[in-house]
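J.:
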Amino acid sequence: MPKKLNIIGREDYKKEAIKYIISIAIVMIVGAIFILLQGESPLKAFQAIFQGALVGKPSIARTIRWITPCIIAGTAAVISDKSGIFNLGIEGQIYMGAFFAAVFGYAVSLPKFLHIPATIIVGGIGGALLALIPALLKLYYNVNEMITTLMFNYVATLFTEYMTLQLMGADGSVSPDYMATPPMLDTARLTPLFKSYQATTGFFIGLALVLLVHILYKYTKKGYELKQVGENIKFAQYGGINALATYFYVFLISGFVAGICGAVEMMGAHGRFRAQFSSNLGWDGIMIALIAKDSPLGMLLVAVLWGIIKNGSFAMERTTNVNRLVVTLIQAIFVLFITADFEKIMSKIRAISPRKGASKKEGTLC
20 MPKKLNIIGR EDYKKEAIKY IISIAIVMIV GAIFILLQGE SPLKAFQAIF
70 QGALVGKPSI ARTIRWITPC IIAGTAAVIS DKSGIFNLGI EGQIYMGAFF
120 AAVFGYAVSL PKFLHIPATI IVGGIGGALL ALIPALLKLY YNVNEMITTL
170 MFNYVATLFT EYMTLQLMGA DGSVSPDYMA TPPMLDTARL TPLFKSYQAT
220 TGFFIGLALV LLVHILYKYT KKGYELKQVG ENIKFAQYGG INALATYFYV
270 FLISGFVAGI CGAVEMMGAH GRFRAQFSSN LGWDGIMIAL IAKDSPLGML
320 LVAVLWGIIK NGSFAMERTT NVNRLVVTLI QAIFVLFITA DFEKIMSKIR
370 AISPRKGASK KEGTLC
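Count the sequence shown with this note's numbering and you get residues 20 to 385, in order.
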């Protein structure tokens, strides 16, 4: 029996590998078409992405800078998805975590060895507080979390803009591009990995979070319960697991990690909270988790590739006539193909093909 199970596992692995290869090939072709439509050579654009992300110390540093939030946001998405919760509010939770961390980072003076962990925790609390409301609505009124978390993204961005204006002492006529809190104290800033570049020790915080989540789900009883709720809630309830309480905890943990993502952004690349600072980091995290099939280690690999492409797209926009939004579009199409059920599509095509053949034969007999 174990051998048979191994064979089945290998077959599933092969199918997934083929699916990824086909998806990548299709996306590359679609991307090349979009680039050609903008009057640019696809080879030149792809070369610009590669060189902008991986050639030279400044490029590598900027790539690590983008990989870091991709890892942390992806971790937040994996935590919720593995438990069957669709947390679409990661973007808003990142904003809240960033704002809380930025304010704490300039308003409270502490020694560096205390200030850094305290700021990270405060950022996490900010994200968890925003996740708390959808969690309570789900727990007590069974309100669909997809709707509430999505709506709270707008609440978070508008709330943080308003509070930033209050701290600036400015009126509502200030453009969001110029809305910013005072600079954070140096004691609240993360240590750079490269001198004068934006890559920081936040990268190792992201790796630590991935490792913790991997251990949680693979080796602990609580992780097993969280997975069971996501895979089969009725089975989990029959097994004595309190599904509603689990939903509540997962919401808060996912929001806390998303808040840490915002905190790390402020403590590293930004140094202060700026309105509309996020380059869709929350949505990046959700798509990364989808591609990785909610595997923490798989998510780490996808996040690294995502960060490379994200940084490379900025370089491509600087050196060619191609808008970086083309890369965003290609990423979205890739997610669409990866999440599609290829077997179901192929079975429907096979079911249609015999019917067409049969109808042709009937026509010739008549």
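C-beta: ideal position from N, C-alpha, C; glycine also.
Bear in mind the structure is a predicted one, so any value in this text is a computation, not a measurement.
#1: Let's test the definition: count the other Cβ atoms within 10 Å of the Cβ of V74 and tell me whether it reaches 16, buried, or not, exposed.
#2: In chain order, what residues of the same chain lie with their CB nearer than 6 angstroms to the CB of V321, ignoring the 5 residues before and after it?
#3: In terms of DSSP beta bridges, what is T219 paired with?
#4: Excluding the 5 residues preceding and the 5 following M20 in the sequence, name in chain order all residues of the same chain whose CB lies nearer than 8 angstroms to its CB.
#5: So, at 6 angstroms on beta carbons, what are the nonlocal neighbours of K22 in its own chain, with the 5 sequence-adjacent residues on each side left out?
#6: Which word fits T239, buried or exposed, when buried means at least 16 other C-beta atoms lie within 10 angstroms of its C-beta?
#7: Inspect the CB distances between the segment 136–143 and the segment 90–107 and report whether three or more fall short of 8 angstroms.
#8: So who's on the other strand from A44, going by DSSP bridges?
#9: Please classify P130: is it buried, with 16 or more other beta-carbons within 10 angstroms of its beta-carbon, or exposed?
#10: Using only the alpha-carbon positions, how far apart do I91 and T219 sit?
#11: CA-CA distance, T265 and F171?
#12: In this structure, what does DSSP give as the bridge partners for R291?
#13: If you follow the alpha helix (DSSP H) that E110 is part of, which residue opens it and which one closes it?
#14: So, A175 versus L149, is the Cβ gap smaller than 7 angstroms?
#15: To the nearest angstrom, report how far apart F222 and I328 are at their CA atoms.
#16: Decide if F123 is buried, meaning its Cβ has at least 16 other Cβ atoms within 10 Å, or exposed.
#17: Please determine, among F356, T339, A370, the residue with the shortest C-alpha to C-alpha distance to E35.
#18: For L169, I'd like the list of residues in its chain whose CB is within less than 7 angstroms of its CB, leaving aside the five on either flank, ordered along the chain.
#19: Which of helix, strand or coil does DSSP assign to A322?
#20: Kindly indicate which residue of T338, L235, V283 has the alpha-carbon position closest to the one of I98.
#21: If you draw a straight line from the C-alpha of L204 to the C-alpha of G58, how long is it?
#22: In whole angstroms, what separates the C-alpha of F254 from that of V248?
#23: Return the CA-CA distance between Y257 and E250, expressed in angstroms with no decimal places.
#24: Is the beta carbon of G304 sitting closer than 7 angstroms to the one on A95?
#25: Check for me: the alpha helix (DSSP H) holding K76 runs from which residue to which?
#26: Judging by CA-CA distance, which residue of K38, Q295, P61 is the nearest neighbour of V49?
#27: Quick one, which of V345, I41, G274 has its alpha-carbon nearest A154's?
#28: Helix, strand or coil for A311 per DSSP?
#29: Run through DSSP, which three-state label would A199 get?
#30: Mind reading off the beta-carbon distance from Y114 to S297? Whole number of angstroms is fine, and I expect it under 8 angstroms.
T.: On the basis of the coordinates in this document:
#1: exposed
#2: I307, I310, A311
#3: P211
#4: Below a pLDDT of 50, predicted positions are generally treated as unreliable, and M20, at 40, falls in that range; the measurement from the model is reported next regardless. Excluding sequence neighbours, M20 sits near nothing in its chain.
#5: In this prediction, K22 scores a pLDDT of 42, lower than 50, which makes its location untrustworthy; the coordinate-derived value is nonetheless stated afterwards. Same-chain partners within the cutoff: there are none.
#6: With a threshold of 16 other beta carbon atoms within 10 Å, T239 falls short and is exposed.
#7: Verdict: no, contact absent.
#8: According to DSSP, which records beta bridges pairwise, A44 is partnered with nothing at all.
#9: If you draw a 10 Å sphere on the C-beta of P130, you find fewer than 16 other C-beta atoms in it, and that means exposed.
#10: 14 angstroms
#11: 21 angstroms
#12: Paired residues: none, contrary to the question.
#13: 109–126
#14: yes
#15: One C-alpha to the other measures close to 17 angstroms.
#16: The residue in question, F123, is buried, as its Cβ has 16 or more Cβ neighbours within 10 Å.
#17: F356
#18: Excluding sequence neighbours, L169 sits near L107, G108.
#19: helix
#20: L235
#21: Separation of L204 and G58 (C-alpha to C-alpha, rounded to the nearest whole angstrom) is 47 angstroms.
#22: 8 angstroms
#23: 13 angstroms
#24: yes
#25: 76–101
#26: Among K38, Q295, P61, the Cα nearest to that of V49 belongs to P61.
#27: G274
#28: coil
#29: strand
#30: Indeed they touch by this definition, with Cβ atoms about 7 angstroms apart.
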